[in-house]
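2 protein chains.
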Amino acid sequence: MPDDPAANGLPPTVDVEGGSQHVGPAAPLMAKPLELNTFRENVVILPRGSEAIRPERLAGLRKVEVRAGQISLLATPIISEDGLVGPGELGLPQPAFRRLGVKAGDFVVVAPARAPRTLAAVRAKAAGESLSVEDYAAVTRDLAAHRWSDMEIAAFLMACAAFMTPEETLWLTQGMVKAGRTLSWNRGIVVDKHCIGGVPGNRTTLIVAPIVAAHGLIMPKTSSRAITSPAGTADTMEVLAKVDLSEAEMREVVETCGACVAWGGRVELSPADDVLISVERPLSMDTPEQMVASIISKKVAAGSTHLVLDVPVGPTTKVRDRRQALKLKKLFEYVADRMGLTMQVLITDALEPIGRGVGPVLEARDVMAVLENRPDAPVDLREKSIRLAGQVLEFDPALRGGAGEKRARELLESGAAAAKMDQIRKAQGPSPIANALGDLVHEVRAEASGHVEAIDCLRIAHVARLAGAPTDPGAGIEILRRTGDAVAAGQPIYRIYGSERSDFGFAVEASGENSGVRIA
Amino acid sequence: MPDDPAANGLPPTVDVEGGSQHVGPAAPLMAKPLELNTFRENVVILPRGSEAIRPERLAGLRKVEVRAGQISLLATPIISEDGLVGPGELGLPQPAFRRLGVKAGDFVVVAPARAPRTLAAVRAKAAGESLSVEDYAAVTRDLAAHRWSDMEIAAFLMACAAFMTPEETLWLTQGMVKAGRTLSWNRGIVVDKHCIGGVPGNRTTLIVAPIVAAHGLIMPKTSSRAITSPAGTADTMEVLAKVDLSEAEMREVVETCGACVAWGGRVELSPADDVLISVERPLSMDTPEQMVASIISKKVAAGSTHLVLDVPVGPTTKVRDRRQALKLKKLFEYVADRMGLTMQVLITDALEPIGRGVGPVLEARDVMAVLENRPDAPVDLREKSIRLAGQVLEFDPALRGGAGEKRARELLESGAAAAKMDQIRKAQGPSPIANALGDLVHEVRAEASGHVEAIDCLRIAHVARLAGAPTDPGAGIEILRRTGDAVAAGQPIYRIYGSERSDFGFAVEASGENSGVRIA
């Protein structure tokens, strides 16, 4: 008969869903940084003869849990059959080494990963149940701590896509905010403007921000780089100024100028949302509920109190018809109201790209033409920016109701917005990237005579990305004929710019197969 | 203006769903085997300065496509920042190196992975659509070729769990069979017996197979090792004989003996099913549709024509009530009929584990006691095996209808089944593992006097696994009191066996928290 295990110094069992399960005796190992980069995923390398864990115990598992002090993360194990890692060591590629916050030689502990208790939520959701506010709080905490695997996240997202109540969307949003840090600005009104995306060239933020800051409102804008589009707000701003700002730098710019346009990647707001997005993107999942939770959680975490949201509707954008747009608007309003975010949703028409340029350098050129009131500035970009800025200005209680758009136009036409943009650019610092257009140029020509009937936003974005945008900021598309314009067969309808031969070739070829411009 | 790219020798675009997308120019790299093991996943290691692909192009991607001759597979890329892999090389850990079928120094080609066209099926399924027979054929082909990532598989499974018609289950089953190889036996009737699982000690196959082979039917049984249970059929048979047989060895055993009990891992039947299971398991997903497609595809691919299926129903097994069991039976019958598989579904009661032993060595002991007609042989295991074997024998057209069970009993009691088992064991070869019981023993005792009311199958399985089964074949549980038996407080109700101190301690501790035996 064995001794009483409790009196024996055996490690305690850990209660996980589905019964208690032991984590296993965990011998400490020495951290050995490895010059390997596993991108977003945490990977650790164990030797075949590890002192901490028998590799055969890992064969049925997906993950191990690695702990160093207070930090614990899940990682995918790899077994080294030769001497890359010694028996008392744990090999740590990036980002696992960085995320653990250890130095070479520090002790870390590794054990088979417990199934996170919150996975019960995946099963409950899959069974058609609604989750509680506590469930969402726990789920978002585990997501932010990288405790779920990609497949678990995918299963959760699919279950949510099948059925999710407005209350659940709210609780998910609240959980996302609480699972990360939040910024605060000590101001009564902190404004923001956001577009749900899908329209190339729609770079209104870079015009709205200086207008509203010139008026005196605070707009600490953090934005993303392009993910599936040829340019994000941060990519385009980067042509004009530095965008990779620390939180302290960002605060200083906002203090001085009233607004900034920074890349949001450094400040890590709503990290659970980032984790969900990393799975939604490759799956091309884009549900209203996830969109609402993502956008509102980011804005609330960034300290915004008032938001104007642009929802473009068109046959080739994310939202295809007005009915769908109105439904989305209702959900945004439901969640925003309960999160204490004042929100104005604008449903806008999107039958073609906005402005002339698609790609960072070309879009920055359009933005500056509008701000500088140049006669050749794209009218659609200017008018849409004034409309959106007007809506943002209406948040100012001092402004007479309905006077926002007029005030926005004044600030733009007087040059106040241009001066503000100049001040913001100087405060953020010089752009670290080249701002020249690509030197490879190809003109796509009309195959028939007639009028331009429609320009396919998806196709234009696809060709611009093939040409190299946004990685190559000078790559992209310059649109020469807009919807309604007359063209004769053989006349140029847009130009493709690029600087890398093979990428450029692909873009030219794709435009030859289908230019995306319909002539009738 | 650039030259015409088509005339330029540029690589062709590859049409993928969502528009054409280039695979990128692919410079050949030299395969460099690495002494690393990444378990089931394909991983490749590229140097920072690779000649074939710029690492920054990979940051947004999950996978690269690696080709060597006709073989192409998807792999997760890791970047080496130092000299582990040279600029013209591609580092290949196992299993990627093995799966590519190359030698060190062979040329391989690597490119960003295209999204498989079949991912449109995930989106369609998620949107509540039914997929076509062609869709399922394509999906199973891509699954078998490891073209989907885990998260894509999880998304697909969740969408299927929400809604799947019987026709779709059939088409999935057909696709699974076609996406792999099939065995054929040149016999009119090839029988099999399968249990959907969930009842510890339910090792009837090892008794049914020798009975039906002694009668003269062909039963080429391939079975799995335990995944979540304390012993699979293959684990228990391995105590008695070698089970890791090549296809040729298996054929020879069946030729000589009429039956075999081999591990199915070597023959790789219905590989798409294996891929789905590898994601279902960690997600604890177990839907009727996936179960039906999995079991029937494996049986049809193995060349079986007639199948008896045991569906145990009980409060602590997979199927909890009779209504659920009947629904499952209908779906099995629908798919089996259309796949040309003659199938008899038996719904059996399962209120406690079967036999006395739980764990490979203990279960093998029960099996041999039944086959050798020992007086202490567990009656429930014997009677259930006779009932199932009788059903299988009824497939023999020469046997008078209703005489199957009587014939099975005769073959068992006459010693013919024991002799057949002996022949099968000799033909398969000696067991490569130890068959001793663990030397650590703990008796779990009744806390009160009364009658045993129920024994929790899940709890018994959990404690037996903690004790080390099936990795340690001598670990497990010996049940001393069955449902209905009278016990006095302090009397032993089961024994836990083990041989590894810490594992054993966990099992003892778990049994102390909850023994799984309810006394009333």
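Chains as they are written, first to last, in the working numbering: chain A, 1 to 520; chain B, 1001 to 1520.
Here a beta-carbon is modelled for each residue, glycine too, at the ideal position from N, C-alpha and C.
### Query
What are the start and end residues of the beta strand (DSSP E) that includes Thr1471(B)?
In the second sequence, the residue the question calls residue 1471(B) occupies position 471. Unbroken run through Thr1471(B): none, as it is neither H nor E.
### Message
Taking 8 Å as the cut-off, does the region 164 to 175 of chain A touch the region 292 to 300 of chain A (at least 3 CB pairs, one atom from each stretch)?
### Response
yes
### Message
Taking only three categories from DSSP, how would you classify Asp485(A)?
### Response
Along the first sequence, one-based indexing puts residue 485(A) at 485. Asp485(A) falls in the coil class under three-state DSSP.
### Message
At the 8 Å Cβ level, is Thr1233(B) part of the contact set with chain A, yes or no?
### Response
Working through the second sequence from its first residue, we reach residue 1233(B) at position 233. Output row for Thr1233(B): interface = no.
### Task
May I ask you to report which of helix, strand or coil DSSP gives Gly476(A)?
Locating residue 476(A) in the first sequence gives position 476, counting from the first residue. Looking at Gly476(A) - three-state DSSP - the assignment turns out to be strand.
### Query
Nearest CA to the CA of Phe504(A): which residue from His462(A), Val275(A) and Asp135(A)?
Position 504 of the first sequence, counting from 1, holds the residue named residue 504(A). Of the listed residues, the one whose Cα sits closest to Phe504(A) is His462(A).
### Query
What are the complete alpha helix (DSSP H) segments, minimum 4 residues, inside the region 1083 to 1171 of chain B?
1096 to 1100, 1119 to 1126, 1133 to 1144 and 1150 to 1162
### Task
Indicate whether the contact test is met: 3 or more Cβ pairs, each with one atom in the region 330 to 346 of chain A and one in the region 453 to 460 of chain A, closer than 8 Å.
Not touching, per the Cβ criterion.
### Query
Rounded to a whole number of angstroms, what is the C-alpha to C-alpha distance between Ile1493(B) and Ala1446(B)?
Residue 1493(B) sits at position 493 when you count from the first residue of the second sequence. Residue 1446(B) sits at position 446 when you count from the first residue of the second sequence. Distance between the alpha carbons of Ile1493(B) and Ala1446(B): 6 Å.
### Message
Buried or exposed for Phe506(A), going by 16 or more other Cβ atoms inside 10 Å?
### Response
Your numbering for residue 506(A) matches position 506 in the first sequence. Burial call: buried.
### Message
Measuring CB atoms only, is the region 390 to 408 of chain A touching the region 263 to 274 of chain A, in the sense that at least three cross pairs come out at less than 8 Å?
### Response
Taking 8 Å as the limit for Cβ pairs, the verdict is that the region 263 to 274 of chain A does not touch the region 390 to 408 of chain A.
### Query
chain B partners of Arg123(A), CB-CB under 7 Å?
Along the first sequence, one-based indexing puts residue 123(A) at 123. Chain B residues near Arg123(A): Ser1284.
### Query
When the Cα atoms are used, what is the spatial distance from Leu52(A) to Arg141(A)?
Translated into positions along the first sequence, residue 52(A) becomes position 52. Translated into positions along the first sequence, residue 141(A) becomes position 141. The question names Leu, but residue 52(A) in the sequence shown is Ala. Answer to the nearest angstrom: the Cα atoms are 28 Å apart.
### Task
For Ala155(A), go through chain B and note every residue whose CB falls closer than 8 Å to its CB, in chain order.
As a working note, residue 155(A) is residue 155 in the first sequence. Ordered by position in chain B, the residues that pass the 8 Å Cβ test against Ala155(A) are Ala1154, Ala1155, Leu1157, Met1158, Leu1283 and Met1285.
### Task
Output yes if chain B places a C-beta closer than 8 Å to the C-beta of Ser515(A); else output no.
Counted from its first residue, the first sequence places residue 515(A) at position 515. Cβ-Cβ to chain B under 8 Å: no for Ser515(A).
### Query
Whose C-beta lies closer than 7 Å to the C-beta of Ala161(A) among residues of the same chain, with five residues either side of it excluded?
Counted from its first residue, the first sequence places residue 161(A) at position 161. Within the same chain, Ala161(A) has close Cβ partners Met285 and Thr287.
### Message
I want to know whether the region 252 to 259 of chain A touches the region 227 to 235 of chain A - three or more CB-CB distances under 8 Å.
### Response
no
### Task
Report yes or no: is there a C-beta of chain A within less than 8 Å of the C-beta of Val1108(B)?
Along the second sequence, read from residue 1 onward, the residue named residue 1108(B) stands at position 108. It does not: the Cβ of Val1108(B) has no partner Cβ on chain A nearer than 8 Å.
### Query
So, is the C-beta of Thr1038(B) closer than 8 Å to a C-beta in chain A?
Locating residue 1038(B) in the second sequence gives position 38, counting from the first residue. Interface residue (Cβ-Cβ distance to chain A less than 8 Å): Thr1038(B) is classified as such.
#### Entry: Through-space distance from Val1110(B) to Arg501(A), alpha-carbon basis
Position 501 of the first sequence, counting from 1, holds the residue named residue 501(A). Position 110 of the second sequence, counting from 1, holds the residue named residue 1110(B). Arg501(A) and Val1110(B): Cα-Cα distance of roughly 20 Å.
### Query
In terms of alpha-carbon separation, which member of Gly1128(B), Met1151(B), Ala1155(B) and Thr1169(B) lies closest to Ala1137(B)?
Here residue 1137(B) refers to the residue found at position 137 of the second sequence. Here the closest residue by C-alpha is Thr1169(B).
### Message
So Ala161(A) contacts chain E; which residues on that side make the cut at Cβ distance below 7 Å?
### Response
Absent here is chain E; the protein component of the structure consists of chains A and B.
### Query
Excluding sequence positions up to five away, which residues of its chain have a Cβ less than 8 Å from the Cβ of Ala488(A)?
Walking along the first sequence from the start, residue 488(A) turns up at place 488. Cβ within range, chain order: Ala446 and Ser449.
### Query
Thinking C-beta only, is Leu1437(B) closer than 8 Å to Ile1211(B)?
On the second sequence, residue 1211(B) is found 211 positions in, with the first residue counted as 1. On the second sequence, residue 1437(B) is found 437 positions in, with the first residue counted as 1. In this structure, Leu1437(B) does not lie closer than 8 Å to Ile1211(B) by Cβ.
### Query
Can you list the residues of chain B that Glu35(A) reaches, using a CB-CB cut of under 7 Å?
For the purposes of this step, residue 35(A) is identified with residue 35 of the first sequence, where counting begins at 1. Those are Ser1080, Glu1081 and Asp1082, listed as they occur along chain B.
### Query
Between the Cα of Val64(A) and the Cα atoms of Lys330(A), Asn42(A) and Glu352(A), which residue gives the shortest distance?
By 1-based counting over the first sequence, the position of residue 64(A) is 64. Comparing Cα-Cα distances from Val64(A) to each of Lys330(A), Asn42(A) and Glu352(A), the minimum goes to Asn42(A).
### Message
Tell me which residues share the same chain as Pro1116(B) and place their Cβ nearer than 7 Å to its Cβ, disregarding the 5 neighbours each side in the sequence.
### Response
Position 116 of the second sequence, counted from the start, is the residue given in the question as residue 1116(B). Cβ within range, chain order: Asp1142, Arg1147 and Trp1148.
### Query
Mind checking if Val102(A) is an interface residue toward chain B, Cβ cutoff 8 Å exclusive?
Walking along the first sequence from the start, residue 102(A) turns up at place 102. The C-beta of Val102(A) comes no closer than 8 Å to any C-beta of chain B.
### Query
Taking the alpha helix (DSSP H) that Ser1502(B) falls in, what are its first and last residues?
Residue mapping note: residue 1502(B) aligns to position 502 of the second sequence, counting from 1. Ser1502(B) -> alpha helix (DSSP H) spans Arg1501 to Glu1513.
### Task
Compare the C-beta of Val1279(B) with all C-beta atoms of chain A and state if any pair is closer than 8 Å.
As a working note, residue 1279(B) is residue 279 in the second sequence. Taking Cβ atoms only, chain A reaches closer than 8 Å to Val1279(B), which makes this a yes.
### Query
Distance, Cα to Cα, Val361(A) vs Asn435(A)?
As a first step, residue 361(A) is located in the first sequence; it is residue number 361 there, counting from the start. As a first step, residue 435(A) is located in the first sequence; it is residue number 435 there, counting from the start. Their Cα atoms are separated by approximately 6 Å.
### Query
Between Gly1128(B) and the rest of its own chain, which residues show a CB-CB distance below 8 Å, the 5 nearest in sequence each way excluded?
In the second sequence, residue 1128(B) corresponds to position 128, counting from 1. Closer than 8 Å at Cβ, skipping near neighbours: Ala1162 and Phe1163.
### Query
Got a sec: is the Cβ-Cβ distance from Asp1135(B) to anything in chain A below 8 Å?
In the second sequence, the residue the question calls residue 1135(B) occupies position 135. Chain A contact via Cβ: absent.
### Straight-line Cα distance separating Arg1181(B) from Glu509(A)
Counting from one through the first sequence, the residue named residue 509(A) turns up at place 509. Counting from one through the second sequence, the residue named residue 1181(B) turns up at place 181. Whole-angstrom Cα-Cα distance: 40 Å.
#### Entry: Beta-carbon proximity list for Arg1225(B), same chain, < 8 Å, skipping 5 on both sides
Residue mapping note: residue 1225(B) aligns to position 225 of the second sequence, counting from 1. Same-chain partners within the cutoff: Gly1232, Ala1234, Asp1235, Trp1263, Gly1265 and Pro1470.
### Pro1093(B) at chain A interface by Cβ criterion, 8 Å
As a working note, residue 1093(B) is residue 93 in the second sequence. Closer than 8 Å to some Cβ of chain A, the Cβ of Pro1093(B) qualifies, so yes.
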